[in-house]
Structure formats: structure tokens, C-alpha cells
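Per our numbering, residue 76 is the first one in the sequence shown, and the count goes up by one each step. Ideal Cβ positions, reconstructed from N, Cα and C, are used throughout, including at glycine. Please read these numbers as outputs of a predicted model, since none were measured by experiment. Please read the structure below before turning to the comments.
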Amino acid sequence: MKYYIGIDIGSTCAKTIVMDENKRILHRILQPTGWSSVDTAEAIREHLDTLGTPCSEAFVVATGYGRISVPYADKCVTEITCHGKGASHIYNENDLVIIDIGGQDTKIIKVEDGMISDFIMNDKCSAGTGRFLEIMANTLSLRPEELCELASHGGNTSISSMCTVFAESEVISLIGRGEPRENIAYAVVDSIVKKVVSQASRLQISRSKVCLTGGLCDFPYLRESLSQALGADVVTAKDGRYAGAIGAALSAFSLK
């Protein structure tokens, strides 16, 4: 049997999907990227060997931040293409808008008739990304998921700066003046939502299905806040964070 493997090496996490010839997902692998994408790629190869799905018996497509660091990949494909293909497959939709909040960038991708028609990518600043959330959570001595849960109980506080460095200074000032932690958490999530909505305003999404992918898709309050701010129901799925890897695995079928 031939396997079809998609490897999405992001800036913080690497996701791997193994499909059989019927496009059924056999394995999902999630691991930190670490400091070296090359080492991560080798660790993935070794893991695939232990699972009985070696790369030597597969078509492999790599995507993401570290895609060029996968020497055994048969092809590299951009994350925009893979996220579009993967999300369309997950939701069985040919028309949708994808919001992917990654570790170092945020991508908003519009898919029409199964093809990517437009996209916007914030890759110049960490504001509105997973890294921004991680830094703010560390400042509050919380894990990112704890911050998002706590934010659902807060309100009436805002962070004016869109720069991560200055925003962190604002958070420290809020802590210093005794602002309740839930209110600060609310302000952090609200800042991320406003950044994403600002990006999305450049695309026509009013009549499109909107889905959230990436590592933050498992945070209910963030999804709810995005839904309210966008005026559209933002949906997620259990495989949402694997959208890029799924798209890469699907792209591997063109290699057979």
C-alpha cells in the first residue's frame, strides 16, 4: 500500500497527517517544532518508521514555515494552498473563509468554487498571533488556554497598542495598578480579535462560511469572540489545527 503524507512544520508546532489510498486519515502527529526544523523533520521521519508508514513507501508533501527543511519530501507546497485545500476537505465546502491563527502569522484565506480566490497574511508583526497570546499569557503566569478561559469572565478593559512589545508594557501597567486578571485576559483576547477583524475587513466574507484553523481553534471563547465581532458564525472542527497537513497530504495524491 502507498501512503500519502502531509507535513506542516510551523514556527511553533509541526503537524503530520498520514492518509491511505482512500484519503482516510491513519495517523495524526503533533509535536513542537523546537529550534531546528531540520531536526524536527528527522524526528517525524523516525516516528513514521515506527508507525509502519515509512516515507520510502509514501508520497510526501511538506508545507509551512519549515517546509524546505524536509529533505525526503517529494514536493513543497505553500501553506496558503494547503490550508485552503485542507479546510475545504475538513468541512466538505467549496466556498469558505479560513482564519488561521498561527504561531508567527495570521492568514485569512478565501476559497471560492474550491479554489483560493484571495488571501491576506500578517507576517510582519506578531500582534494577533499565537506568539502574542503566549507572551501575554506568560506575563500573567497563565497558559494560553487558561488565559482564554479566564477572558470569558472579564471585560471593560482594553489594550491600545497593536505592537507586542508595547502591549506587554500595557499589560504590566494594568497588573501594577491592580486590574483584575480576568479583565486583562479579556483585553488580550479582544486585541487579537480586533487585529483579525481588521485583516478580514479587506475581504468580502459576509456570505461565506467562516472556519477557524490553527492551534487556537480549540479555544471556545476566542471563536465566540470572533463570531460576534465578524457578525458570522465561526466554526471549528477537531482536525482544524491539522488543516495545513491535511492539505499537504491531499496534494500528495497528484504525485502518484
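Reducing DSSP to helix, strand and coil, say where residue i ends up.
{"i": "Asn-167", "result": "coil"}
{"i": "Met-76", "result": "coil"}
{"i": "Asp-175", "result": "strand"}
{"i": "Lys-284", "result": "strand"}
{"i": "Ser-233", "result": "coil"}
Less than 7 Å separating the beta-carbons of residue i and residue j?
{"i": "Lys-160", "j": "Gly-322", "result": "yes"}
{"i": "Gly-139", "j": "Glu-154", "result": "yes"}
{"i": "Thr-91", "j": "Ile-82", "result": "yes"}
{"i": "Gln-274", "j": "Ile-183", "result": "yes"}
{"i": "Tyr-261", "j": "Gly-230", "result": "yes"}
{"i": "Ile-176", "j": "Ala-162", "result": "no"}
{"i": "Gly-178", "j": "Gly-85", "result": "yes"}
{"i": "Lys-213", "j": "Thr-232", "result": "Reading the sequence as shown, one finds Asn at residue 213 and not Lys. No."}
{"i": "Leu-171", "j": "Ser-266", "result": "no"}
{"i": "Leu-297", "j": "Cys-223", "result": "yes"}
{"i": "Phe-134", "j": "Ala-320", "result": "no"}
Assuming residue i contacts residue j under a Cβ cut-off of 8 Å, what Cβ separation, rounded to an integer in Å, is found between them?
{"i": "Val-310", "j": "Cys-286", "result": "5 Å"}
{"i": "Cys-164", "j": "Leu-325", "result": "The question names Cys, yet the displayed sequence has His at residue 164. 6 Å between Cβ atoms; contact."}
{"i": "Ile-80", "j": "Cys-130", "result": "7 Å"}
{"i": "Leu-225", "j": "Arg-256", "result": "6 Å"}
{"i": "Arg-120", "j": "Tyr-317", "result": "So it is not a contact: roughly 18 Å between Cβ atoms."}
Shortest alpha-carbon distance to residue i belongs to which of the options?
{"i": "Asp-124", "options": "Lys-98, Val-152, Glu-96 and Tyr-78", "result": "Tyr-78"}
{"i": "Gly-22", "options": "Arg-218, Ile-195 and Ile-247", "result": "The structure shown has nothing for residue 22, since the chain only spans 76 to 331."}
{"i": "Asn-169", "options": "Val-186, His-158 and Ile-234", "result": "Val-186"}
{"i": "Lys-313", "options": "Asp-293, Val-264, Glu-299 and Leu-249", "result": "Asp-293"}
{"i": "Thr-108", "options": "Met-94, Arg-120 and Thr-87", "result": "Thr-87"}
{"i": "Ser-235", "options": "Leu-215, Lys-270, Gly-127 and Ala-137", "result": "Lys-270"}
Relative to the ligand FAD, is the shortest distance from any of its heavy atoms to the C-beta of residue i smaller than 6 Å?
{"i": "Ala-137", "result": "Among the components modelled here there is no ligand, and therefore nothing to report on the ligand FAD."}
Between which two residues does the beta strand (DSSP E) harbouring residue i extend?
{"i": "Thr-135", "result": "According to the sequence shown, residue 135 is Val rather than Thr. Per DSSP, Val-135 belongs to the beta strand (DSSP E) from 133 to 138."}
{"i": "Asp-193", "result": "190 to 197"}
{"i": "Val-246", "result": "It is not in any beta strand (DSSP E) - Val-246 instead sits in the alpha helix (DSSP H) that spans 239 to 251."}
{"i": "Arg-103", "result": "100 to 107"}
How far does the alpha helix (DSSP H) with residue i in it extend, from its first residue to its last?
{"i": "Thr-125", "result": "112 to 125"}
{"i": "Ile-143", "result": "Where Ile-143 is concerned, there is no enclosing alpha helix (DSSP H), given that its DSSP letter is neither H nor E."}
{"i": "Glu-254", "result": "Taken as a continuous stretch (DSSP letters only), Glu-254 belongs to no alpha helix (DSSP H), as it is neither H nor E."}
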